Amino acid sequence: MKIVDCTSRSVREINEAIRRLVDAGEPEMLVRNPGARHNLAVAVLKDVAITIDGPVGYYAGGMSDGVRLTIQGSAGWGVAECMLSGTVVVDGNAGNGAAASIRGGTVVVRGDAAARAGIAMKGGLLVIGGDTGYMTGFMMQRGRIIVCGNAGPALADSMYEGIVFVGGEIAELGNDAVISEASPEELAEIGATLTGYRLKGPGSFRKVVSGRKLWNYDKKEIDIWKAAF
Amino acid sequence: MCGIVGFFDKSGEPAPVGAAVLAMLSALGCRGPDSAGIALWGKEADGVVVRVKPGEGTDTEARRREIVRRVGRLGRVRVSTTQGSLLRLVVAKAEPAELALAIEAVAPDVEVVSMGRRLEIVKQVGAPRSLEAQFAVSKIAASHGLGHTRLSTESRVDLSHSQPFWAHSVPDLAVVHNGHITNYHHLRRLYEQEGVRFYTENDSEVIGVYLARKLRAGASLGEALRDSVSELDGAFSYLAATSDAFGFAKDPFCLKPLIVAETDGAVAVANEEIALAAGLPKGYQAREAGAGAVGLWDRPAAAPQPRPRRGCKAA
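Just so you know, the protein sequences line up as chains A and B, in that order.
Using our numbering, the letters of the first sequence map in sequence onto residues 1196 to 1424.
Using our numbering, the letters of the second sequence map in sequence onto residues 3 to 317.
#1: Given a limit of 9 Å on CB to CB distance, which residues of the region 1290-1304 of chain A reach chain B?
#2: Distance, Cα to Cα, I1365 of chain A vs D1260 of chain A?
#3: Ignoring anything shorter than 3 residues, give me the beta strand (DSSP E) runs that lie fully in the region 1292-1362 of chain A, in order along the chain.
#4: Specify the secondary structure class of Q195 of chain B as computed by DSSP and reduced to three states.
#5: So, is E106 of chain B buried or exposed, given that buried needs 16 or more other C-beta atoms within 10 angstroms?
#6: Provide the residue span of the beta strand (DSSP E) that contains Q85 of chain B, from first to last.
#7: Quick check on the burial criterion: 16 or more other C-beta atoms within 10 angstroms. Buried or exposed for T244 of chain B?
#8: Please classify A196 of chain B as buried or exposed, where buried requires at least 16 other C-beta atoms within 10 Å of its C-beta.
#9: Where does W1272 of chain A land, buried or exposed, given buried means 16+ other C-beta within 10 angstroms?
#10: Look up A247 of chain B in the DSSP assignment and give the residues it is bridged to.
#11: Return the CA-CA distance between G1257 of chain A and A1315 of chain A, expressed in angstroms with no decimal places.
#12: Can you pull out the residues from the region 1240-1255 of chain A whose beta carbon lies closer than 7 Å to at least one beta carbon of chain B?
#13: Bridge partners of E113 of chain B, per DSSP?
#14: Let's test the definition: count the other Cβ atoms within 10 Å of the Cβ of K216 of chain B and tell me whether it reaches 16, buried, or not, exposed.
#15: Taking only three categories from DSSP, how would you classify R1227 of chain A?
#16: What residues in the region 6-28 of chain B have a beta carbon less than 9 Å from any beta carbon of chain A?
#17: Would DSSP call K12 of chain B helix, strand or coil?
#18: Could you pull the DSSP bridge partners for T1246 of chain A from this structure?
#19: Going straight from the alpha carbon of L1240 of chain A to that of C1201 of chain A, what length do you get?
#20: Taking buried to mean at least 16 other C-beta atoms within 10 Å of its own C-beta, is R53 of chain B buried or exposed?
#21: Would you give the residue range spanned by the beta strand (DSSP E) that S37 of chain B belongs to?
#22: Would G292 of chain B count as contacting chain A if we go by Cβ distances under 8 Å?
#23: Using C-beta distances below 8 Å, list every residue in its chain close to M1330 of chain A, excluding the 5 sequence neighbours before and after it, in chain order.
#24: Please tell me whether, using a cut-off of 7 Å, the distance from the CB of R1215 of chain A to the nearest non-hydrogen atom of the ligand MN is below it.
#25: Is any beta-carbon of chain A found at less than 8 Å from that of E275 of chain B?
#26: Mind checking if A1309 of chain A is an interface residue toward chain B, Cβ cutoff 8 Å exclusive?
#27: Whose Cβ in chain A lies nearer than 7 Å to the Cβ of R289 of chain B?
#28: Please identify the residue among B:A94, B:A268, B:P166 and B:T84 whose C-alpha is closest to the C-alpha of L42 of chain B.
#29: Give a yes or no on whether 8 Å exceeds the smallest Cβ distance from I261 of chain B to chain A.
#30: Which chain B residues sit within Cβ distance under 7 Å of G1271 of chain A?
#31: Can you tell me whether K1421 of chain A is helix, strand or coil according to DSSP?
#32: Rank B:A291, B:V269, B:E15 and B:T202 by C-alpha distance to the C-alpha of E113 of chain B and give the top, closest one.
#33: From G2 of chain B to G1325 of chain A, what does the alpha carbon distance come to, in whole angstroms?
#34: Thinking C-alpha only, which one of B:R289, B:P302 and B:V296 is nearest T1327 of chain A?
#35: What span of residues does the beta strand (DSSP E) with D1200 of chain A cover, start to end?
#36: Going by DSSP in three states, D266 of chain B sits in which element: helix, strand or coil?
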């Protein structure tokens, strides 16, 4: 396996080294000594396995299409942001905005995720092994989020579509987020997904979806709108 | 964007915290190269330690002599040196509030940058690395420390506007902040009506004033931090510490980054994990603080002093 060492290299040089290996058809590589630096392994557009052997900063694996990225540590803000397809696994905790705006693929955070995990997701799957923070799934448009632990306040606030499954406590539902019944098929699928990533979830999950009240303007709400503006 | 860092050694005893804070701050230098500063809570001094900005474009040596002359009337000046951009005095048998007034009466551009029995703040215009050249911070032993590297967005770049801010009026209390306090003007007007002097137009300064008022009214640092989450407005992450406690507060919308790592021996906090990686040995667990989160660590009760306390009478 090829190794890319981050020591005394700029982020641009590190990403160029990764890109050269990807372009040369290398199937897997190990990135060493990441030192929690930002923008590592971004925009990788091929099915290639990349392991980073420590913590990363912001936007790791962002804008990627097909990458299989494993981060053996924690991740900062916006891990896998805007990913189209592939898999990004964070062995530790993730900062704000994990899997923000992803269109496809799977993001797994084995530890806890912070605020606004899965914000504006347009597809794909976000799996959180631990707890998740404030406003998880905010303005989500499609896709699924599975939270094995507890969810913070304003869960799934103003979501258009998509589903959030929560195994633990929900501190507070966001605007227009409603609880609905998870089907046995859905629960079985969650179980299979968690097993696939060697995660242990609770026995049951609650399903949170959009109440669709914010989809259309309601004339009866004119006073609320007036007050808001 | 600014960078803030904090390091707390759980032993409560002087440890190489100066070096840890400098390493963390240097790793965050890209978040703001305008100015940088460090606050360290070191060994308790035999008197009040005062760091003074002697004024801009003036004869520093003359200012130092004049300050020493005036301070000499209020207490015993044990140490008086010039270090980098600041004067450093250790004054025994003096009352801190009187001391600050006397020093700042020398000239309008003279400012007490820090005061306390353990707190020392060093700061300057420029990137973190020049702190070492001016103040040899890596050699300073302390139980805990804070650091700040600034990218000015709304107020001028000079020594006074750089952080950490000593919370004037409460010895040993200092703050570093990343973000915006949007009710700054409102609070400032309120406090100014009560006679509080503001030294800068930096909104971060109001956090120190806010905490100082709370502490003077009898609140603990933890209580003050918790209240601030709803009473301060805006997007903020800040760290604050006194001689005996170290903590952080984060705004209710979680708009500013703050990553916390706690090990058996230490607590390290910073905007980005890159700073934690520079300050802690590998194997720590990093976690983003949640919306409206407050953290607080108390320094273990200090070992009995070999001789009775004297000099500083203030709270």
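Positions of the beta carbon are idealized from the N, C-alpha and C atoms, including for glycine.
On a predicted model such as this, the values are computed, not experimentally measured, just so you know.
Let me lay it out:
#1: G1290 and N1291
#2: 32 Å
#3: 1301-1304, 1317-1323, 1337-1342 and 1358-1361
#4: helix
#5: buried
#6: R78 to Q85
#7: buried
#8: For the sequence presented, residue 196 of chain B should be read as Glu rather than Ala. Exposed, because fewer than 16 other Cβ atoms sit within 10 Å of the Cβ of E196 of chain B.
#9: buried
#10: B:D300
#11: 15 Å
#12: P1250 and G1252
#13: B:K55
#14: buried
#15: strand
#16: none
#17: coil
#18: A:L1225 and A:T1265
#19: 21 Å
#20: buried
#21: S37 to W43
#22: yes
#23: A1310, R1311, I1314, G1347, P1348, A1349, L1350, D1352 and G1369
#24: Although the ligand MN was asked about, the structure shown includes no ligands whatsoever.
#25: yes
#26: yes
#27: N1288 and D1307
#28: B:P166
#29: yes
#30: E274 and E275
#31: helix
#32: B:T202
#33: Lying before the first or after the last residue shown, residue 2 of chain B is absent from chain B, which here runs from 3 to 317.
#34: B:R289
#35: K1197 to D1200
#36: coil
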